[in-house]
Every structure is written in structure tokens, then in C-alpha cells.
Amino acid sequence: MQNKLRNLCTVVAFSASAMVFAQPAHPVLDVEVVPSPGFNGPVDIANAGDDRLFIVEQDGYIRILNTDGTSSLFLDIDSKVKSTGGEQGLLGLAFDPNYAENGYFYVNYTNNTGTGNTVIARYSRNAINPNIADVGSEVILMNIVQPFTNHNGGNLEFGPDGYLYIGTGDGGSGGDPGNRAQDITDQLLGKMLRIDVSTVPYSIPASNPFVGITGDDEIWHVGLRNPWRFSFDRETGDLWIGDVGQGAWEEVDFQPASSTGGENWGWRCYEGNATYNTAGCGAIGTYDFPVYAFNHTFGAGGFAITGGYVYRGSQYPGMVGYYIYCDYVTGNWWTTTSDGVGGWNTAMSDFALDGIATFGEGNDGEIYCASLSSGEIYHVIDACSNINLDFVVTDNAAPTTTNGSINLTVTGGLVPYTYGWSTGATTQDISSLGSGNYSVTVTDGQGCVVTDETFVDDNCTAATGLVVTGVTATTATIDWDDVGATSYKVAYKPAGPGTFISVNAATSNKTLTGLTPSTTYTYKVRNKCPGAPGNFSTNGVNFTTLPLREGDVEPQLEIFPNPGSGVFYIDGVEAGATVNVFDLSGKLIVTNTISDEAIVDLTGYADGIYLVEISKNDILLAKEKIILAR
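Numbering of the sequence shown is given in this note's numbering, commencing with residue 1497 and proceeding in unit increments.
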């Protein structure tokens, strides 16, 4: 990483001041220890598409961290790895996008040749045991000569395009004495490389920006000093790079997923946004600059950036969309996100955890990090996630009163809490409330912001306890609990599309009449309270009317004339019987009750065949067809 950190086992401890750097718009970061047996010099964390985490140890080992806190050895290439320098060793791991099928994974390490050349190699998992790698399966893709022992980069990641991206440092020493980061004619150092590993050892994507121009067709970006850790946003495909600086600035570089490559991040002409050595450099407009840079201070900066990830997990909604990273030396942490108008917002979290050498992403999008010195693995969390708001609400005594109240209890987070109610009140509890919704925003002592709302009722609630009694073929009685309203309204209609029919009710029951036999109805009840509009009960309460029961047809029944020209007479049925006339579609068009003499008047209806049903006391007495013909 940074050349001042030759001995990575030396940890600079730092305690942050009491100042709260985190803003309400940003998550307040924290970590929790992941159970593990401990690791020796962890420098990378990866997943293989399942719940396991793979921990890379600098000396040349990869171990599996299982969900139960146990670990097992996956790969041992210690004999091939040179890790005598503080920035050398087995440094990076990436699993093939098709790992489940082909079992390939890729590593980045410094070998035992000379000062320690960078090797990019492919390995395969064991054909029988998926928890063991085949140590003899190595296929070397690249062997990059390193002039010095530091600034080796070390990270490699598969992009959303399926290509393998490799970050290389400028070759080491100080100030990039060979100007390798800007040299695109014969140098792979100080670059971001992009290769296609679907062929052996690899091929060059035709879309690489320098294909056919320089001879180093692998180049995707130039002008990097030591891109120790970079990552892709799993949702957007954007590329984030934490580039370790020289003596003054650390930087975060951002490449949108829409980029066609070719960015020049400026080193050694620029360090961060500041000039460094502009001899032989181009116009400032030919370079790309970081979205955030911090200087070499303890209070609000750092000395060796550890690039992280954009959080896309589900456990902490407040962190979603934020790029999370830290500084290895000071232990300061930051979050960066777009401001939505072409710029960036960055905030520093008010907690210090130094010695973090790497971040990693679980298969579920959760972010993890590792301490190089202690060997601990941590889960990055939102410190605001454990704050809970509980309300005890006292409703109004009656609709016309304003004696409601809300008592608030806050648990979790850090005291003191501050309160902001939608009424303008800043107290913990509020009273003398009318009916309605009330929201509160609580801010704790570390800047966590939680908002929630509750409702004060006016004791004029929607009718409850709805039941249907006395259902017949054409009637039904609706009953409900009395809620103290002055009046009610029942709305009903046949189930499905259509318009509700409303009828008033003076008390908490209503009998509906004139219903169609064997039909399912839906209904609701609305109360009417003094000084309040009232509420309808939940829509969709159903009942079904009874069918007409078949009975004996009275032999004296007679309808005449039949066919007729408009008016039909019915004889032979006692008074009180009901006559219903339907057209052939089943639509009820006429209904009346028989007295001494019944008349069915179809004047004004079209000529055709109609069905007459005679019933009494829900017993079907007769069905007859009549013909209207003029």
C-alpha cells in the first residue's frame, strides 16, 4: 500500500474527537465482530456465490470462514509467494462469474523472482471436495516485472461485463521515478487492466480503449499510483477505486458503468486534485480527478486509503447506495454518494477503527472488513439500525374534544435524544391533541435520525362487528356494533364491478329488501359522528341471498291474453304473491305484488318472449312464458 507502511504489522492507534461528522443524510457507521478463529494478516475477502466468506492471508493462504464461525484451509501457495516486504504477498482473490460450473478462481500474488514480480494466476477447486482448491491446477495468465517491492496494487475483480479487472501500482519507490503510470507505450504498471479470461491464458476485449494504439492493449485506465482496493457497484456496475497517495493526498476515483474506458487519473502529474510533478504533462482538461480526496492529517483525513464497496444489502436500508471506505492509519471512515445533480456528498463517521486493510462483499450484499494486525473480521453495520420508537396513545374522549396525547419511548442509539414533532413541539411527549396523524423525528447523540408516526383517534371509528342475519331470497338484515354515532349509512351492491346503493340507518341495523335471489352482495357501513365525517368499514364484506324454493304450481293460475299486445292479466293466485318479470337475458324488468287482480304491463317493451315467476313466502309457485306481440 503506501510506502510509509512497510511494516504493516505496526498499527497507529487513534481516538476520534467528540465532534459528530456524520450528517443526518448519511448512515452512521459501526462494525460488529464476525465469529471466527482469527486469521493471520488478512488482506482480502471474497465470496463464491454462497454464504461462505473466503479470507486471503498475506503469507499465501486462503481460508474459508463458515457461517458457524469455523474455518478451513482452501488454498496453500505459501511456497510460491514472496511476502517479506510489507506490501507483498498473496494480495487478491476473485471468483469466476461461472464458478459454480467451471470451478475457476483467480489470484494476485508477488512471486519469489527478483524483487517479487506480480503474478495473475487461475486455479481450480478440487473436483470432489468444493471446500478445497486444486493446488496443482495453476495456470499463469500474467507475470509483471516489479522494479521495487512496494506499490503492487493487488486487487482483481470481475466487472459486470464478465471481464477481469486488475489494479496495478506504479512499480514503487517514491514519486514514480520511471513515470510508469503515465506511460502507455510499454508499461502495465500504474494502470487498471481489463482482460477476457474465457480463453487461455487470456485475450484482449476489442472494446479496450488502447487496442492497436500502444502495444499494451490490456490497459483500461492509466494514471494510478497504487489502487490497493477497488470494487464494482453490484446494482449499477459503476467502478470505485481507492488510490493510495504519495505524501499529501488520498483519493476516491469513480468511473460510471457507461464509460468506455481510457480515464487518466493523473498520477504522477497530480496527486488527488493537487499538482505533483507536471513535467511533460498535458493540459489539465486531459485528466480525470477524484470525487473525493482527503489530506494527510489525523483529525479528518488519513495516510493510506482502503477502498470499499457500495452497500447493496438488505439488513441496513439506511446504508443502501453509499460507498463505504476508510483509512488504514487513522481509522477514519467515510461514506460518499451522488447528490443527484452531478456532484457528490461525503461524510465522515464519528468512530475510529484503524488497521483495516481490506473490505469484502458477501453474496447477500453485506459488507465486511478485516484488521490486518488482529486478524478480526468485521461486519459493517448502520449504528442507527437499533433505534426503536414506541408510542402509547390516549385517544380523544369524544369527537369534539382535543384531549388526546402521545407518550414516546425511545430505545437504542446514544443519549441525549432530540425530538421534532409535526406540531412543532420539541418535547418527548405531546398532549392536548385533536384526532389525526402525528409524526416525530428523533435524533440521537451520534447523529442517527429516525422518523415514525402514529394516530390519535376521535372515538368515531369505523363500524365494526358487521354481521348478516335473516337472509332470505330477497332480504337481509345488516347488524354492527354501536360506536356512538348519530346515524349510519349502509352501502351495498352485487359483488364485482358496479355502483354502491346507499340507504340510511338510524340505528345499528338495517334490513335490505328487494334483493335478487341467489346473488352475492358486498356491503359496508359508514358511521356519522358529530363534528366528524365518519368512516366506512372495510369494503368487501359479503353475503349471498337464498334461492327461491320450488313449490306446487297452483292449477288455477292463468295469464291472458298470451300472446298479448302489452297488458297481461293473472288469475288464480291469492293476494300477497309477488310477480317478477325477466327478459331472456335474466334481467328483472317488472316486479309487483298481487292484490285481487294482478296486471303485468309490458307496454313500452320490445316484442319478444318474457319469463314470469310467481312466488309467495319465498316459495316459487309458478313459472310461465308470455309472448309480447303487437
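Here a beta-carbon is modelled for each residue, glycine too, at the ideal position from N, C-alpha and C.
Given residue i as reference, the closest of the options once Cα atoms are compared
| i | options | result |
| --- | --- | --- |
| residue 1902 | 1919, 1750 and 1574 | 1919 |
| residue 1740 | 1722, 1749 and 1590 | 1722 |
| residue 1872 | 1852, 2054, 1911 and 1880 | 1852 |
| residue 1990 | 1537, 1780 and 2008 | 2008 |
| residue 1751 | 1764, 1737 and 1744 | 1737 |
| residue 1795 | 1765, 1847 and 2097 | 1847 |
| residue 1693 | 1771, 1677 and 1595 | 1595 |
| residue 1765 | 1757, 1755 and 1776 | 1776 |
| residue 1620 | 1610, 1609 and 1632 | 1632 |
| residue 2032 | 2043, 2098, 1959 and 1558 | 1959 |
| residue 1588 | 1618, 1637, 1560 and 1651 | 1651 |
| residue 2005 | 1890, 1968 and 1964 | 1964 |
| residue 1625 | 1571, 2040 and 1641 | 1571 |
| residue 1743 | 1790, 1603 and 1781 | 1790 |
| residue 1676 | 2044, 1734 and 1641 | 1641 |
| residue 1671 | 2071, 1585, 1745 and 1622 | 1745 |
| residue 1630 | 1636, 1600 and 1749 | 1600 |
| residue 1664 | 1763, 2083 and 1705 | 1763 |
| residue 1618 | 1660, 1582, 1583 and 1585 | 1660 |
| residue 1967 | 1925, 2017, 2118 and 1994 | 2017 |
| residue 1682 | 1540, 1709, 1730 and 1673 | 1709 |
Terminal residues of the beta strand (DSSP E) in which residue i lies
| i | result |
| --- | --- |
| residue 2076 | 2074-2078 |
| residue 1639 | 1629-1640 |
| residue 1716 | 1715-1717 |
| residue 2020 | 2016-2024 |
| residue 1624 | Where residue 1624 is concerned, there is no enclosing beta strand (DSSP E), given that its DSSP letter is neither H nor E. |
| residue 1927 | 1926-1929 |
| residue 1822 | 1819-1823 |
| residue 1830 | 1829-1834 |
| residue 1933 | 1932-1939 |
| residue 2032 | Where residue 2032 is concerned, there is no enclosing beta strand (DSSP E), given that its DSSP letter is neither H nor E. |
| residue 1805 | 1801-1806 |
| residue 1790 | 1788-1791 |
| residue 1900 | 1900-1907 |
| residue 2127 | The structure shown does not extend to residue 2127, since the chain spans only 1497 to 2126, so no value can be given for it. |
| residue 1538 | 1538-1542 |
| residue 2000 | 1997-2001 |
| residue 1653 | 1652-1654 |
| residue 1448 | Here the chain has residues from 1497 to 2126 only, and residue 1448 is not among them. |
| residue 1530 | That residue, residue 1530, is in no beta strand (DSSP E); it is neither H nor E in DSSP. |
| residue 1964 | 1963-1965 |
| residue 1951 | 1945-1952 |
| residue 1576 | Premise fails: residue 1576 is in no beta strand (DSSP E) and is neither H nor E. |
| residue 2054 | 2054-2056 |
For residue i, the residue or residues it bridges with in DSSP
| i | result |
| --- | --- |
| residue 1618 | 1602 and 1635 |
| residue 1878 | 1525 |
| residue 1867 | 1852 |
| residue 1684 | The partner list for residue 1684 (beta bridge, DSSP) is empty, contrary to what the question assumes. |
| residue 1756 | Answer by DSSP bridge pairing: none, since residue 1756 is not bridged. |
| residue 1991 | Per DSSP, none; premise fails for residue 1991. |
| residue 2096 | 2064 |
| residue 1727 | 1736 |
| residue 1587 | None, per the DSSP bridge assignment. |
| residue 1692 | 1699 |
| residue 1559 | 1551 and 1569 |
| residue 2107 | 2078 and 2121 |
| residue 2084 | 2078 |
| residue 1747 | 1739 and 1789 |
Whole-angstrom C-beta distance between residue j and residue i, which should lie under 8 Å
| i | j | result |
| --- | --- | --- |
| residue 2123 | residue 2059 | 4 Å |
| residue 1568 | residue 1627 | 6 Å |
| residue 2112 | residue 2087 | Between residue 2087 and residue 2112 the Cβ distance is about 13 Å, and since that is not below 8 Å, they are no contact. |
| residue 1944 | residue 1879 | 6 Å |
| residue 1932 | residue 1898 | Residue 1932 to residue 1898, Cβ: 10 Å. No contact. |
| residue 1942 | residue 1909 | 7 Å |
| residue 1655 | residue 1728 | 6 Å |
| residue 1754 | residue 1814 | Between residue 1814 and residue 1754 the Cβ distance is about 27 Å, and since that is not below 8 Å, they are no contact. |
CB contact below 8 Å: residue i versus chain D
| i | result |
| --- | --- |
| residue 1577 | Looking for chain D here will not work: only one protein chain is present. |
Proximity test, residue i beta-carbon vs the ligand ADP heavy atom, cut-off 7 Å
| i | result |
| --- | --- |
| residue 1922 | Absence of the ligand ADP is noted for the structure shown, with no ligands found whatsoever. |
Contact the segment 1983-1993 vs the segment 2016-2024: 3+ CB pairs below 8 Å: The way I'd put it, the segment 1983-1993 does touch the segment 2016-2024; three or more beta-carbon pairs between them come closer than 8 Å.
Touch test, the segment 1970-1978 against the segment 1940-1955, Cβ-Cβ under 8 Å, three pairs minimum: no
Inter-stretch contact at 8 Å, needing at least 3 Cβ pairs: the segment 1542-1551 / the segment 1856-1866: By the Cβ test, the segment 1542-1551 is in contact with the segment 1856-1866, since at least three Cβ pairs between them sit closer than 8 Å.
Sufficient close CB pairs (3 or more, under 8 Å) joining the segment 1820-1831 to the segment 1792-1804: yes
Validate contact between the segment 1715-1734 and the segment 1681-1690 using beta carbons, cut 8 Å, 3 pairs: Between the segment 1715-1734 and the segment 1681-1690 there are three or more inter-stretch CB-CB distances shorter than 8 Å, so the stretches are counted as touching.
Touching by the beta-carbon criterion (3+ pairs, under 8 Å), the segment 1570-1581 and the segment 1608-1615: yes
Cβ contact (3+ pairs, closer than 8 Å) linking the segment 1553-1561 and the segment 1876-1892: No, the segment 1553-1561 is not in contact with the segment 1876-1892.
Inter-stretch contact at 8 Å, needing at least 3 Cβ pairs: the segment 2068-2082 / the segment 2093-2113: yes
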